[in-house]
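To convert, count from 1 in the sequence shown and add 4; that's this note's numbering. Yeah, the Cβ is synthetic: ideal placement off N, Cα and C, and Gly gets one too. Everything numeric in this text was worked out from a predicted model, so none of it was measured.
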Amino acid sequence: MINYQIGIQSKYLMLNGAIVILSGLICGLLLWLAIIHNKDYKFIHARRVAHATLAMDGVMMIVVGLIIPFLNLSEPAVWILTWSLVIAGYGFVLGLGIDALKGYRSLAPKPYGIKTVLFGGHAIGVAGSLIGIAIVIYGLFNTF
C-alpha cells in the first residue's frame, strides 16, 4: 500500500505538471498567432521555445508524479522532489512565458531589470529540475 503522504505528493506534482502543460499550450497559441500575423522572428523564436519547453517540462512532472510510488525514497526526499520540480516548473512558466509575450531572449541577467527577473526564473527552473532529476535517479538506484 502506498503511503498516504507520498500519494498526495504524487497527485500534487501531476496537477501542477498539467498546469505547466496548459501554460505551454497557451504559448503555442501565441506562437500560432505570431506566425499567421508575420511577427518578427524574435517573437516566433521565443514562443516556440516556451511552447516546447513548458510542454516537455509539464510532461516530465506528470511522469515523475506517476513513478513516485515506485521510487525507494523517504518521505522528506519525496517532499523535496515534489517541491523542487513544482518550483522549477513555475520558474520556467515565469521566465519563458514573459519571454514569449515580449519576444525576449533572457539568457543573461543584463541589462538589469525585467531580464534579470526572467533570468532568475530560468535559473530557478534549471536548478529545481536538476535537483528533482538527481533525486529520481537516486530513488531508482535504490530500487535495485
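- Scanning its chain for C-beta atoms nearer than 8 Å, with the 5 sequence neighbours on each side dropped, one finds around R52 the residues L35, in chain order.
- Where P80 is concerned, the enclosing alpha helix (DSSP H) starts and stops at 79-106.
- At a Cβ-Cβ threshold of 9 Å, G129 and G107 do not count as neighbours.
- Excluding sequence positions up to five before and after A104, its CB lies within less than 6 Å of the CB of C31, L34, A50, R51, A54, all in the same chain and listed in chain order.
- Shown here, A38 sits in a helix according to DSSP, grouped into three states.
- Spanning the alpha carbons of Y8 and A92 requires a straight line of approximately 24 Å.
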